[in-house]
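Novice: Here's a structure for you.
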Amino acid sequence: MTLPGGSSYEALRVREATTVLGETDVYYLFVSKSGAQVSLFASDPNPPLSGTIALEGYSYNGPFTITSIEQSAGSTDEYYLAQNYPNPFNPRTVISWQSPVSGWQTLKVYDLMGREVATLVDEFKSAGNYEVNFDASKLSSGTYFYTLQAGNFSQTKKLILIK
């Protein structure tokens, strides 16, 4: 992509054509690796792949540089057990949780009859955010439950295995 003034950028081109009552409008968005963006509407619904094209209008957002990204560690002032992802799953899924205090934590999986089928965590953990991968390849398709216990906190969620 070459801009007026001679600045050149390698760019990804996205083309969207909309036809209403036989009249076609073409919208383009060019995005460079540096973040420069040009969006435009073309008069010609079939412009050439290179060279100059006639425009009805355009907008330009110059290249930008990311100077910093703030990363939030997330609030760990309360317990939280997330829904596993993906759900339904086959045969692996991820279970995430957070704990506001250090202590012994267990994460167990149960079948519909309440029988324990897997212990994923059974250890002392510091306050923080955690995730564990659950491989259910040895289990049958069906509905299961996972329970996080940490101190006086206990929460259960449902997961569905489809094979």
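Numbering (our numbering), first residue to last: 573 to 735. Virtual Cβ for every residue (Gly too), placed ideally from N, Cα, C. Just so it is clear, the structure is predicted and the values come from calculations on it, not from any experiment.
(1) Work out the CA separation of Pro663 and Leu733 for me, nearest whole Å.
(2) Got a sec, what are the start and stop residues for the beta strand (DSSP E) Asn705 sits in?
(3) With H, G and I counted as helix, E and B as strand and the rest as coil, what does DSSP make of Ala654?
(4) Comparing alpha-carbon positions, which option in Ser698, Ala690, Tyr702 and Tyr718 lies nearest Ser709?
(5) Leaving out five residues before and five after Val693 in sequence, what residues of the same chain have Cβ atoms less than 7 Å from its Cβ?
(6) For Ser726 and Phe717, what's the separation of their Cα atoms in angstroms?
(7) How should Leu584 be labelled, buried or exposed, when 16 other C-beta atoms within 10 angstroms of its C-beta is the threshold for buried?
(8) Less than 8 Å between C-beta atoms, sequence neighbours within five positions excluded: which residues of the same chain meet that for Val666?
(9) Got a sec, what are the start and stop residues for the beta strand (DSSP E) Val693 sits in?
Specialist: The relevant details are as follows:
(1) As a working mapping, residue 733 is identified with position 161 in the sequence shown. As a working mapping, residue 663 is identified with position 91 in the sequence shown. Approximately 7 Å, taken between the alpha carbons.
(2) Numbered from 1 along the sequence shown, position 133 holds the residue referred to as residue 705. That run of the beta strand (DSSP E) goes Gly700 to Asp707.
(3) Sequence index remark: in the sequence shown, residue 654 carries index 82 (1-based). Three-state result, Ala654: coil.
(4) To locate residue 709, count along the sequence shown from 1; it is residue 137. Ranking the options by Cα distance to Ser709, first place goes to Ala690.
(5) For the purposes of this step, residue 693 is identified with residue 121 of the sequence shown, where counting begins at 1. Gln677, Thr678, Leu679 and Val704.
(6) Residue 726 sits at position 154 when you count from the first residue of the sequence shown. Residue 717 sits at position 145 when you count from the first residue of the sequence shown. Rounded to the nearest angstrom, the two C-alpha atoms are 13 Å apart.
(7) As a working mapping, residue 584 is identified with position 12 in the sequence shown. Flag for Leu584 reads exposed.
(8) Position 94 of the sequence shown, counted from the start, is the residue given in the question as residue 666. Correct list, in chain order: Asn656, Tyr657, Glu703, Val704, Asn705 and Phe706.
(9) If you number the sequence shown from 1, residue 693 lands on position 121. Unbroken beta strand (DSSP E) run through Val693: Glu688 to Lys697.
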